[in-house]
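Residue numbers (this note's numbering): 36 to 409.
The beta-carbon is built from N, C-alpha and C at its ideal position, and this holds for glycine as well.
(1) For the alpha helix (DSSP H) containing residue 127, name the first residue and the last one.
(2) I'd like to know whether the C-beta atoms of residue 366 and residue 301 end up nearer to each other than 9 Å.
(3) Tell me the DSSP secondary structure of residue 400 in three-state form.
(4) Where residue 381 and residue 344 are concerned, what is the direct C-alpha to C-alpha distance, given to the nearest angstrom?
(5) Could you tell me if residue 408 is buried or exposed, where buried requires 16 or more neighbouring beta carbons within 10 angstroms of its beta carbon?
(6) What does DSSP give as the partner residue(s) for residue 323 in the beta ladder?
(7) Of the choices 132, 145, 359, whose alpha-carbon is the least far from that of residue 177?
(8) Tell me whether residue 407 sits in a helix, a strand or coil according to DSSP, three-state version.
(9) CA-CA distance, residue 49 and residue 225?
(10) Quick check: the Cα distance between residue 27 and residue 134, rounded to an integer number of angstroms?
(11) Rounded to whole angstroms, what is the Cα-Cα separation between residue 298 and residue 364?
(12) Is residue 375 closer than 9 Å to residue 281 when the C-beta atoms are compared?
(13) Would a C-beta distance cut-off of 9 Å place residue 256 and residue 310 closer than the cut-off?
(14) Express the C-alpha separation of residue 230 and residue 386 in angstroms, rounding to a whole number.
(15) Using a 10 Å radius around the Cβ and a threshold of 16 neighbouring Cβ atoms, would you call residue 240 buried or exposed?
(16) What's the C-alpha gap between residue 31 and residue 54?
(17) Which value, in whole angstroms, describes the spacing of the CA atoms of residue 269 and residue 358?
(18) Three or more C-beta pairs closer than 8 Å, one from the segment 336 to 350 and one from the segment 260 to 267: is that the case here?
(19) Could you tell me if residue 181 is buried or exposed, where buried requires 16 or more neighbouring beta carbons within 10 angstroms of its beta carbon?
(20) What is the rounded straight-line gap between the Cα of residue 179 and the Cα of residue 238?
(21) How would you write the range of the beta strand (DSSP E) that residue 373 sits in, first residue to last?
(22) Give a yes or no on contact between the segment 158 to 165 and the segment 206 to 213, applying the rule of three or more CB pairs nearer than 8 Å.
(23) Is residue 283 near residue 333, with beta carbons less than 9 Å apart?
(24) Is the CB-CB distance between residue 69 and residue 138 below 9 Å?
(25) Hey, how far is the Cα of residue 379 from the Cα of residue 274?
(26) Residues in its own chain within less than 8 Å of residue 98 by CB, not counting five upstream and five downstream?
(27) When DSSP labels each residue in this structure, what does residue 280 get in the three-state scheme?
(28) Quick check: the Cα distance between residue 316 and residue 351, rounded to an integer number of angstroms?
(29) Figure out for me which residue from 117, 227, 88 has the closest Cα to the Cα of residue 64.
(30) Using the Cβ count rule (16 or more neighbours within 10 Å means buried), how would you classify residue 222?
(31) Where does the unbroken beta strand (DSSP E) through residue 170 begin, and where does it stop?
(32) Taking Cβ to Cβ, would you say residue 152 is nearer than 9 Å to residue 190?
(33) Which term fits residue 426, buried or exposed, when burial requires 16 or more other beta carbons within 10 angstroms of its beta carbon?
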């Protein structure tokens with residue numbers, strides 16, 4: 036019989052690295068601020084040491100220890116500020132804890148008996164602070180707090196002895212601090228992970244809405260609205276630069292008949308196969324979209340009408356070799372294409388589209404499976 040112990044902090048799986056990277060800058064700022072507060076508190080204790088010890092050798096020993104600890108904290112803050120990786124953040128936290136344990140051990144070993152309780156209280160606050168103030172993996176938190184706990188207990192017992200009357204109470208206090216620290220850590224970081232998941236879901240929903248507003252749901256190419264918006268942009272660019280701009284209007288021949296004969300699912304299959312086929316042949320600068328039913332528009336920037344005609348002929352001939360299988364039947368596809376070029380006399384894009392539509396109509400009237408340039 037196997038017993039599995041689940042972590043109190045729910046991992047995001049593959050999203051965990053992205054989650055930590057998302058909060059990395061704010062975590063670095065928070066950790067740096069916490070360390071600077073710790074540094075300031077440590078420096079303030081210098082005045083307390085002086086009041087209690089005066090200008091004695093022990094005071095100067097304490098002063099050297101506190102300044103060394105302060106320098107280490109400053110180094111940690113500088114490393115955090117310059118760090119670009121989460122691993123550096125985690126290692127810096129562990130380094131700081133190790134330095135504090137050495138510092139705490141020295142202070143507890145050399146302090147007066149009446150100050151040992153205060154040092155133990157500081158150790159307790161340090162343990163709670165690691166849980167509450169540092170955003171890192173649970174394993175890193177435990178690698179910091181567990182040694183801190185044993186170090187604090189050891190430092191206290193080194194002065195009073197392990198069998199002192201305060202031992203049971205002290206153990207309970209430290210266990211309680213770790214327990215509630217762990218509960219708080221789990222609550223905060225589970226909440227933050229949940230918040231991150233919700234944010235990702237909202238972003239995904241927004242992206243999906245944006246996609247639905249610009250992409251044809253069936254074919255995956257631009258829909259009428261987005262295509263016309265981009266086409267107008269290219270047309271305005273043409274008016275400014277006079278660089279050639281061609282418009283190609285494509286219609287799948289006898290599509291309604293194919294739809295009625297083989298069914299709407301086969302009709303959808305024909306549309307998706309055809310659009311994918313053409314999408315793989317166009318340039319990255321071309322604008323390709325579906326404007327309705329079986330009609331498609333291809334905007335060709337920097338392309339003359341003669342070049343557009345040659346491109347369209349290649350499309351037409353290649354489509355003649357395209358086959359769509361439906362219920363064991365191989366369906367042939369042909370297309371009719373109307374081609375036109377934008378003129379400087381065109382007052383608006385719809386004038387160009389009207390000419391392309393006339394060219395397409397002439398291609399159909401000529402028997403379909405034709406390319407006509409107007």
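Reading off the structure:
(1) From DSSP, the alpha helix (DSSP H) with residue 127 extends over 121 to 145.
(2) Their beta carbons are under 9 Å apart, which means residue 366 touches residue 301 by this criterion.
(3) The three-state reading of DSSP puts residue 400 in helix, counting H, G and I together.
(4) 20 Å
(5) buried
(6) DSSP lists 333 as the bridge partner or partners of residue 323.
(7) 132
(8) strand
(9) When the Cα atoms are used, residue 49 and residue 225 turn out to be separated by approximately 16 Å.
(10) Missing from the structure shown is residue 27; the chain here goes from 36 to 409 and no further.
(11) In a straight line, the C-alpha of residue 298 is about 13 Å away from that of residue 364.
(12) yes
(13) For the 9 Å CB-CB criterion, residue 256 and residue 310 form a contact.
(14) 51 Å
(15) exposed
(16) The displayed coordinates of the chain run from 36 to 409. Any statement about residue 31 would go beyond what the structure contains.
(17) 34 Å
(18) no
(19) It is exposed - the Cβ of residue 181 has fewer than 16 other Cβ atoms within 10 Å.
(20) 35 Å
(21) 370 to 376
(22) Segment contact: the segment 158 to 165 against the segment 206 to 213, three or more CB-CB distances shorter than 8 Å; contact assigned.
(23) yes
(24) no
(25) Distance between residue 379 and residue 274, taken at the CA atoms: about 7 Å.
(26) 81, 84
(27) strand
(28) Taking the Cα positions, residue 316 is about 12 Å away from residue 351.
(29) For residue 64, the closest C-alpha among the options 117, 227, 88 is that of 117.
(30) exposed
(31) Per DSSP, residue 170 belongs to no beta strand (DSSP E) and is neither H nor E.
(32) no
(33) Given a span of 36 to 409 for the chain in the structure shown, any question on residue 426 remains unanswerable.
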